[in-house]
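This report concerns only the one structure given below.
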């Protein structure tokens, strides 16, 4: 949680403002930190990531499966702290602003505000074109395509874009999960946030098109 809190402490002089910003950020991210004896909160997002890679890049997914990496646990940190370790401080904050803006959905915003509020969005909302304009770009595309999975966050597609940048190297060099971790470790501080976002949106489009096919 320090990775989530530190930007607020650094950027906001007033401790009360920093606290409330952190508190609201954690309301949004709380599902990732909820763990039980049988599962960890972020596991559902890792499962969605697995499905995305399997759909858009089956060869890479199969290679990771062969390495016993099909659960994508090597992406755990990226999703838990929203790329604070993979990108520079400035780029990480840029990603946060872009992700939260593009994911905006007026129908489920209250689930971040009210503790224990139901976040079940398994029923597709009626497409109101006027309301649809209020959605963030990423979420609007999901709604228009009927992709209403609860754990379908832009961060998942950003992880997918990172994996795609290292696709050839993983396929060629990775003989075990340690190799995958090493290859992904090399990206720290060497990624361009704007390029990663563009690639993530391209992967989203590709995934939605392939997922719709019978």
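In the numbering used here, the protein residues as written are 1009 to 1222. Ideal Cβ positions, reconstructed from N, Cα and C, are used throughout, including at glycine.
Can you find the residues in the same chain that come closer than 7 Å, C-beta to C-beta, to residue 1153, ignoring five residues on each side of it along the sequence? Correct list, in chain order: 1216 and 1220.
As assigned by DSSP and simplified to three states, the class of residue 1195: It is coil, neither helix nor strand.
Mapping the DSSP letters down to three states, classify residue 1215 as helix, strand or coil. Three-state DSSP puts residue 1215 in a helix.
Determine whether the Cβ of residue 1201 lies closer than 8 Å to any Cβ atom of chain B. Although the question refers to chain B, the structure presented lacks it and comprises just one protein chain.
Mind pulling the alpha helix (DSSP H) runs of 4 or more residues that sit fully within the stretch 1162-1188? For the stretch 1162-1188, whole alpha helix (DSSP H) runs of length 4 or above, ordered along the chain, are 1162-1173 and 1175-1181.
Backbone CA spacing between residue 1032 and residue 1013 [nearest angstrom]: If I take the Cα positions, the gap works out to 11 Å.
Which class does residue 1095 belong to by DSSP, given the choice of helix, strand or coil? Residue state, collapsed to three classes: coil.
What's the call for residue 1043, buried or exposed, on a 16-neighbour Cβ count within 10 Å? The residue in question, residue 1043, is exposed, as its Cβ has fewer than 16 Cβ neighbours within 10 Å.
Measuring alpha carbon to alpha carbon, tell me which residue in 1010, 1066 and 1085 is nearest residue 1054. Shortest Cα-Cα distance from residue 1054 to any of 1010, 1066 and 1085 involves 1085.
Whole angstroms is fine: what's the gap from residue 1194's alpha carbon to residue 1167's? Going from the Cα of residue 1194 to the Cα of residue 1167 covers about 14 Å.
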